[in-house]
Structure formats: structure tokens, C-alpha cells
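> The structure follows.
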Ligand SMILES: [Fe+2]
Ligand SMILES: [Fe+2]
């Protein structure tokens, strides 16, 4: 069984590219399920109900998020009405939404998706992602064999540590947040597919999806600068993982990109 993973979707341009490219990529790679991180889909930071529903209408089954999950404050009131949209599991339990779910695969079977946020360089209110994932795996128990983890984090070391911590216990751990694809896609020794960062669906002529001159100006002057989202010349980055549905063990992972 194969599934498509898609990195952080940035802005309207990223959303349009996903709608155009994901159905094609799913066919081309024979993927029966798709997970995409959309924390930057609404004007570069945050999500909206309309954007999530649009992704679902274009072959994205589960939408994950990250540190920008509440950047569009209306989403706080909408997420509970979106059963296939996750927010990081290790935020306060008093926040709406869910950090993991078990979803039906259209061709049969189920898959668990878990969304975590890294501790390092991230929000103060994040609890330990390692303890959180242990608790969730206990809750999932034997309800499904296929378990996919989006580890949304800044530090490569923390993401690799999560991959190694979960090796043999989940089907795949993929990293998001840094918007730059890494060249380390592999199946770890105990059968977990792993990649440190998928990359993004954003402009090639940008800095992490934002206007080059704006970002350079901010670095050079230290002044507050509006970082405009670049909406054209979009490239999609992600990965395809293959796994044995009976055991949940990964058989392979390859990076994919499309324009
Ligand atoms: Fe992020
Ligand atoms: Fe992001």
C-alpha cells in the first residue's frame, strides 16, 4: 500500500498547486491515501475551513498543522467541525481539535495519523512530544497497524531522534516546518520510513515561500518587515511511502517533487 505525503502548503499559490498536482501524483504513484501539512495555507500562516475543505475535495485525505495552527483565529471555532484536520497533539488539552485520528482508507483498512510539534525553538506551551506519542500509541493499541507521524519541528536533531525513538513502532515519521526538503529519506532498521523534512508547496523564487527582498531586508536591517507570500512559480515537495498493510512495516520511501 502506498501513500502520498505533502510538505507545508504556502498561500493560495500552494493551495492551487496541491489541487492541480495531488490527484495526478496519486495516480502516477498508485497512492490510496494522502496527508498534507497546511499550516501556511492561509496567507502564509494558519488555516481556514474553506481551504481545508478544498484540499479534501482534491484528494487530500488528512490535513495536519503546526506552530501556526491558530494564526487565523476563526479556525479555533472551525476545527472541531473538520474531522480529518489535525492540530499538534502536544498543545494544551484545553485547545479544540484533535492531535491524532484513525481514518478509513478508501480501498479498505484504516490508518492512524498523529501530529506532533517539536520542543526545541518552539512554543513554551508545548508539552513533551515523546511522552505524548507514547500515550497516543497506547491509546491506539492494536486498532490499526498503519501509523503515520507528522513531526513538525525546527531542529533536525529532534526530528531524527523522534524517527529513531519510534523505529519499529510506527509505519513512518516525516518532518515538516523547515520548508526545505532533506536528502535523507530511508527505511530505518526496524521498519519505519523516515525523512527529516518533506519541504513545502511554495515558490521556488522565494525564501521559505516569502518574498526574497522582504526577508533579506528584515535580516539586513532588523526592522519589522511585512513578509509577502509569493504565489507563483510553485513547486510541490513530498514523499511516497510504501508499506505492508498486514504488519504496518514500511517497505520503501522516496522523495517526490512536481511543478
Ligand atoms: Fe511551522
Ligand atoms: Fe510551515
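Residue numbers (our numbering): 1151 to 1409. For every residue, glycine included, the Cβ atom is placed at its ideal position computed from N, Cα and C.
What residue does the alpha helix (DSSP H) around residue 1187 start on, and which one ends it?
Element bounds for residue 1187: not the alpha helix (DSSP H) but the beta strand (DSSP E), 1183–1187.
> Name the residue from 1241, 1212, 1403, 1368 whose alpha carbon lies nearest to the alpha carbon of residue 1378.
1368
> With DSSP as the reference, label residue 1179 as helix, strand or coil.
Helix, per DSSP.
> How far does the alpha helix (DSSP H) with residue 1287 in it reach, from first residue to last?
1279–1290
> Identify every residue that forms a DSSP beta bridge with residue 1407.
1387
> Between residue 1272 and the rest of its own chain, which residues show a CB-CB distance below 8 Å, the 5 nearest in sequence each way excluded?
1217, 1303, 1304
> For a quick check, are the C-beta atoms of residue 1324 and residue 1361 less than 9 Å apart?
no
> Taking only heavy atoms of ligand 1 into account, decide whether any of them is closer than 8 Å to the Cβ of residue 1402.
False, no ligand heavy atom lies under 8 Å from that Cβ.
> Can you look up residue 1197 in the DSSP assignment and give me helix, strand or coil?
coil
> Given this structure, state the Cα-to-Cα distance separating residue 1380 from residue 1352, to the nearest angstrom.
8 Å
> Could you give the residue range of the beta strand (DSSP E) that holds residue 1151?
Careful: residue 1151 lies outside any beta strand (DSSP E) and carries neither H nor E.
> According to DSSP, what are the bridge partners of residue 1207?
Answer is none; residue 1207 lacks a bridge partner.
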